[in-house]
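Chemist: Heads up, the sequence shown is in the numbering used here, so the first residue is 453 and it goes up one at a time.
Cβ coordinates follow ideal geometry from the N, Cα and C atoms, glycine included.
Nothing here was measured: the structure is a model prediction, and the numbers come from that model.
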Amino acid sequence: MSQHRALSARQESRLVVYLDNAMLQIQRGYQKRNEASAQLPTLAAFLQQWVPLVEIISTTPLLGATAALRDTYLLRLTTELTEGVVGYSTKSDSEHTAKAQLLHVLYWADLLDQLWAARLQRVPQRLSDAQKSAKTRFPTLDMESESMRIDAESVRPPPIVHGAVDEQIPPYAQTDRVRLRDVLSQAEQQLFGWMRNELGVPQPPEQEEWGGELNEPGEAPEWGEDGAESVPEESDEIKEDTAENTEGEDTPEAATAADREHEHYADVFSKKLDPDEEEDEENEDDPPRKRARHAEPPSVSQEDLAYWDMQFARSFGRSLQDLRIESS
Numbered sequence: 453m454s455q456h457r458a459l460s461a462r463q464e465s466r467l468v469v470y471l472d473n474a475m476l477q478i479q480r481g482y483q484k485r486n487e488a489s490a491q492l493p494t495l496a497a498f499l500q501q502w503v504p505l506v507e508i509i510s511t512t513p514l515l516g517a518t519a520a521l522r523d524t525y526l527l528r529l530t531t532e533l534t535e536g537v538v539g540y541s542t543k544s545d546s547e548h549t550a551k552a553q554l555l556h557v558l559y560w561a562d563l564l565d566q567l568w569a570a571r572l573q574r575v576p577q578r579l580s581d582a583q584k585s586a587k588t589r590f591p592t593l594d595m596e597s598e599s600m601r602i603d604a605e606s607v608r609p610p611p612i613v614h615g616a617v618d619e620q621i622p623p624y625a626q627t628d629r630v631r632l633r634d635v636l637s638q639a640e641q642q643l644f645g646w647m648r649n650e651l652g653v654p655q656p657p658e659q660e661e662w663g664g665e666l667n668e669p670g671e672a673p674e675w676g677e678d679g680a681e682s683v684p685e686e687s688d689e690i691k692e693d694t695a696e697n698t699e700g701e702d703t704p705e706a707a708t709a710a711d712r713e714h715e716h717y718a719d720v721f722s723k724k725l726d727p728d729e730e731e732d733e734e735n736e737d738d739p740p741r742k743r744a745r746h747a748e749p750p751s752v753s754q755e756d757l758a759y760w761d762m763q764f765a766r767s768f769g770r771s772l773q774d775l776r777i778e779s780s
């Protein structure tokens with residue numbers, strides 16, 4: 453498709469029909485990914501289906517009404533691709549390692565990030581250039597990735613999209629920028645959480661876990677005169693419930709139950725808790741005791757985890773940076 457003139461109404465209609473049908477086929481294949489006769493059983497097969505679509509969308513002219521059509525389908529591709537990725541497990545692919553698949557996902561995120569950054573900056577960019585740049589940072593599945601260095605020190609910032617502004621390219625509307633920012637931010641969070649699940653490591657805490665109530669954003673806690681955080685007084689209902697619950701505590705039945713409970717826990721904690729110490733004293737006729745299950749340590753090193761965290765945490769770093777600069 454020529455980049456020097458917009459599409460005709462007939463060409464746009466044919467493009468819409470083709471893209472809708474192609475995306476529908478991918479969606480159907482994704483929904484049947486776990487079936488025995490699945491056409492897209494692995495992440496690699498799923499991502500491969502998006503190759504011709506991104507080629508067509510990226511070469512659609514950014515002129516006139518055609519630009520809005522291109523923006524719509526690039527946003528839809530970004531959303532459906534990232535949502536589909538998190539529905540796959542790297543363990544379902546016996547031909548490619550988890551490392552190779554994670555790098556391939558980063559390649560796709562970097563490619564889309566470049567396309568969006570160029571669009572926001574109104575800079576023309578060829579898909580082949582974006583693909584070449586993404587491959588220099590993240591090998592695709594057809595490249596050798598096992599020898600690639602993976603640690604925090606090997607992280608390189610993504611190259612900035614350079615180029616002169618093309619005045620023929622319409623600016624990206626402000627309302628569309630807000631929506632795009634939400635889509636890319638959510639995509640980053642989804643891919644980051646998926647990556648951590650695939651590596652078998654827990655998600656980082658989003659907020660401090662404690663038993664107290666959280667203050668509203670921007671609301672300071674109330675502090676007492678002695679510098680300690682003030683505690684609200686109990687309501688009359690709570691006091692009544694407390695009084696009802698304390699009735700009968702001194703009765704013989706309550707005291708006997710409390711004594712039995714105390715003796716039970718005293719007996720439990722007086723026993724040895726190390727099964728290795730009791731192993732020699734066990735009777736051969738006794739049934740074997742079940743050992744406590746301990747969580748297996750993650751198979752990824754701290755250096756590798758730092759690398760994956762840093763890369764997935766800024767999957768769309770260029771585009772989001774442009775969106776933040778524009779909104780500030």
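1) Which residue wins for smallest C-alpha separation from H556, given the options R574, T534, L572?
2) Return helix, strand or coil for N649, following the three-state DSSP convention.
3) Quick one: Cα of A582 to Cα of V617, how far?
4) My output table needs one value for G700: the three-state DSSP class, helix, strand or coil.
5) Whole angstroms is fine: what's the gap from N473's alpha carbon to Q754's?
6) In terms of alpha-carbon separation, which member of I777, R522, Y540 lies closest to P493?
7) Where does L476 land, buried or exposed, given buried means 16+ other C-beta within 10 angstroms?
8) Could you tell me whether the Cβ atoms of T531 and V635 are closer together than 8 angstroms?
9) Figure out for me which residue from L572, D545, P657, R589 has the closest Cα to the Cα of A561.
10) Is the CB-CB distance between L529 and W502 below 8 angstroms?
11) List the whole-angstrom C-beta distance separating L499 from L651, where the pair is believed to meet the contact cut-off of C-beta under 8 angstroms.
12) Using a Cβ distance threshold of 8 angstroms, determine whether the stretch 761–777 contacts the stretch 632–648, with at least three qualifying pairs required.
13) For N473, report the span of its alpha helix (DSSP H) as first-last.
14) Where in the stretch 505–543 do unbroken runs of the alpha helix (DSSP H), each at least 4 residues long, occur, reported from the N-terminal end onward?
15) Out of K551, Y482, G769, R480, which has the shortest C-alpha to C-alpha gap to R648?
16) Quick check on W568: does DSSP put it in helix, strand or coil?
17) Would you kindly work out how many angstroms separate the C-alpha atoms of N697 and G481, rounded to a whole number?
18) Between which two residues does the alpha helix (DSSP H) carrying L757 extend?
19) Should S510 go down as buried or exposed, given a rule of 16 or more other Cβ atoms within 10 Å for buried?
20) Can you tell which of T627, Q626, E658 has the C-alpha that lies nearest to the C-alpha of Q641?
21) Measuring only the C-alpha atoms, how far is Y559 from T592?
22) In this structure, how does DSSP classify V720 when only helix, strand and coil are distinguished?
23) Can you tell which of R578, R462, L471 has the C-alpha that lies nearest to the C-alpha of L514?
Modeler: Put simply:
1) For the purposes of this step, residue 556 is taken as the residue at position 104 of the sequence shown. Of the candidates R574, T534, L572, the one whose C-alpha sits nearest the C-alpha of H556 is T534.
2) What you label residue 649 is simply residue 197 of the sequence shown in a count that begins at 1. Secondary structure of N649 (DSSP, three-state): helix.
3) Taking the first residue of the sequence shown as 1, we reach residue 582 at position 130. Taking the first residue of the sequence shown as 1, we reach residue 617 at position 165. Taking the straight line joining both Cα atoms gives about 17 angstroms.
4) On the sequence shown, residue 700 is found 248 positions in, with the first residue counted as 1. Here G700 scores only 46 on pLDDT, less than 50, and its place in the model is too uncertain to base an answer on.
5) Residue mapping note: residue 473 aligns to position 21 of the sequence shown, counting from 1. Residue mapping note: residue 754 aligns to position 302 of the sequence shown, counting from 1. Counting only the Cα atoms, Q754 lies some 44 angstroms from N473.
6) Indexing the sequence shown from 1 puts residue 493 at position 41. Comparing Cα-Cα distances from P493 to each of I777, R522, Y540, the minimum goes to Y540.
7) As a first step, residue 476 is located in the sequence shown; it is residue number 24 there, counting from the start. L476 should be labelled exposed.
8) Counted from its first residue, the sequence shown places residue 531 at position 79. Counted from its first residue, the sequence shown places residue 635 at position 183. In contact: T531 and V635 (Cβ atoms closer than 8 angstroms).
9) Within the sequence shown, residue 561 is the residue found at index 109, counting from 1. Per the C-alpha coordinates, the member of L572, D545, P657, R589 positioned closest to A561 is R589.
10) Numbered from 1 along the sequence shown, position 77 holds the residue referred to as residue 529. Numbered from 1 along the sequence shown, position 50 holds the residue referred to as residue 502. Taking 8 angstroms as the cut-off, the Cβ atoms of L529 and W502 count as close.
11) Here residue 499 refers to the residue found at position 47 of the sequence shown. Here residue 651 refers to the residue found at position 199 of the sequence shown. 19 angstroms between Cβ atoms; not a contact.
12) The stretch 761–777 vs the stretch 632–648: in contact.
13) Translated into positions along the sequence shown, residue 473 becomes position 21. Start and end: 461–483.
14) Entirely contained in the stretch 505–543, the alpha helix (DSSP H) runs reaching 4 residues are, in chain order, 516–537.
15) Residue mapping note: residue 648 aligns to position 196 of the sequence shown, counting from 1. The option with the nearest alpha carbon to R648 is K551.
16) Within the sequence shown, residue 568 is the residue found at index 116, counting from 1. In the three-state scheme derived from DSSP, where H, G and I count as helix and E and B as strand, W568 is classed as helix.
17) The residue given as residue 697 occupies position 245 in the sequence shown. The residue given as residue 481 occupies position 29 in the sequence shown. Reliability of the predicted coordinates at N697 is poor, the pLDDT of 48 falling under 50, and the value obtained from them is presented with this limitation in mind. When rounded, the separation of the alpha-carbon atoms in N697 and G481 is 59 angstroms.
18) Position 305 of the sequence shown, counted from the first residue, corresponds to residue 757. Residues 754–764.
19) On the sequence shown, residue 510 is found 58 positions in, with the first residue counted as 1. With 16 or more Cβ atoms within 10 Å of its Cβ, S510 is classed as buried.
20) In the sequence shown, the residue the question calls residue 641 occupies position 189. E658 is the residue among T627, Q626, E658 whose C-alpha sits nearest the C-alpha of Q641.
21) Taking the sequence shown and counting its residues from 1, the one referred to as residue 559 is at position 107. Taking the sequence shown and counting its residues from 1, the one referred to as residue 592 is at position 140. Roughly 7 angstroms separates the two Cα atoms.
22) By 1-based counting over the sequence shown, the position of residue 720 is 268. The predicted position of V720 is uncertain, since its pLDDT is 39 and thus under 50; a value taken from the coordinates is nonetheless stated next. Secondary structure at V720: helix, using DSSP grouped into helix, strand and coil.
23) What you label residue 514 is simply residue 62 of the sequence shown in a count that begins at 1. A check of alpha carbon separations from L514 across R578, R462, L471 identifies R578 as the nearest.
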